[in-house]
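Down below is the structure, laid out as structure tokens.
In this note's numbering, the protein residues as written are 8 to 263.
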């Protein structure tokens with residue numbers, strides 16, 4: 008098998024959460040471009056924009072609706088069973104759904120804390136658990152979490168988000184220790200500042216934007232399509248000996 012063949016995902020089924028927009032959408036399309044059929048899970052509707060982009064690659068796209076902020080462990084287990092019933096197997100899970108709430112730590116509300124931790128960490132863990140049961144039986148798979156550079160820093164006004172992303176980095180390492188022996192590789196992508204809806208406020212704030220860009224060695228925010236190469240690598244045979252790692256893709260932010 009050539010090195011190019013190792014990156015091919017033909018016939019694979021990739022489940023991508025939060026694929027309706029932004030980074031999740033770009034990763035879903037990148038996986039489809041590499042050959043994977045895409046299953047989307049999000050709280051929103053039919054993800055028509057992502058669907059059109061995936062279908063344009065010649066791959067299939069199916070969407071399932073579930074609000075991670077309200078999902079129980081049973082809900083997560085049930086949606087995995089439904090996907091397997093509909094598609095026979097899951098080869099790749101991209102645990103990308105996430106949210107952020109901004110507030111000074113001294114006045115951060117319990118509701119905001121619990122919702123962010125539920126979506127970013129608890130639901131992601133139990134979805135991975137449900138998928139891993141299936142991957143174990145089928146002989147392996149790939150699980151990719153979306154972390155953040157704030158999994159290595161504290162940030163400002165984002166205590167629950169930073170805590171959840173630090174937690175994701177720990178989960179990745181813990182799961183790699185337990186599941187890698189079953190040919191399941193677990194890794195995370197830690198994006199820096201990208202041009203997405205989540206950072207729209209920062210981009211529009213001239214002073215804040217200039218301060219951020221001046222600290223990024225590449226001198227700009229990233230573009231969502233720049234995540235495609237890394238997610239395809241982590242989803243493919245090319246990363247067969249890569250597990251328990253968190254990959255920053257941040258324009259050099261953490262190198263400062």
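Don't be surprised by glycine CBs; every beta carbon is placed ideally from N, CA and C. Here the structure is a predicted model, which is why all the values come from computation and not from measurement.
Pair within 8 Å by beta-carbon distance, residue i and residue j
i	j	result
residue 141	residue 99	no
residue 48	residue 97	no
residue 196	residue 183	no
residue 152	residue 175	yes
residue 38	residue 170	no
residue 58	residue 41	no
residue 26	residue 234	no
residue 150	residue 191	yes
residue 123	residue 168	yes
Residue burial classification, residue i (beta-carbon count within 10 angstroms, cutoff 16)
i	result
residue 20	buried
residue 144	exposed
residue 103	buried
residue 8	exposed
residue 257	buried
residue 248	exposed
residue 250	buried
residue 199	buried
residue 111	exposed
residue 29	buried
residue 157	buried
residue 131	buried
residue 246	buried
residue 62	exposed
C-alpha distance - residue i paired with residue j, whole-angstrom precision
i	j	result
residue 209	residue 203	10 Å
residue 93	residue 22	12 Å
residue 138	residue 253	20 Å
residue 65	residue 36	11 Å
residue 216	residue 31	23 Å
residue 260	residue 224	7 Å
residue 163	residue 108	11 Å
residue 329	residue 161	What is shown of the chain runs 8 to 263, which leaves residue 329 out entirely.
residue 17	residue 82	29 Å
residue 118	residue 52	25 Å
residue 211	residue 147	44 Å
residue 159	residue 128	15 Å
residue 155	residue 60	25 Å
residue 222	residue 263	8 Å
residue 106	residue 207	14 Å
residue 13	residue 227	32 Å
residue 165	residue 126	15 Å
residue 45	residue 71	11 Å
residue 75	residue 11	36 Å
Bounding residues of the alpha helix (DSSP H) (the contiguous stretch that carries residue i)
i	result
residue 240	235-242
residue 334	This structure leaves residue 334 out entirely; the chain is present only between 8 and 263.
residue 75	It is not in any alpha helix (DSSP H) - residue 75 carries neither H nor E in the DSSP assignment.
residue 96	Careful: residue 96 lies outside any alpha helix (DSSP H) and carries neither H nor E.
residue 56	55-62
residue 186	166-186
residue 12	10-13
residue 123	117-124
Sheet register partners of residue i (DSSP bridge)
i	result
residue 44	20
residue 192	149
residue 229	201
residue 49	72
Residue range of the unbroken beta strand (DSSP E) whose run includes residue i
i	result
residue 68	68-72
residue 253	253-256
residue 100	99-102
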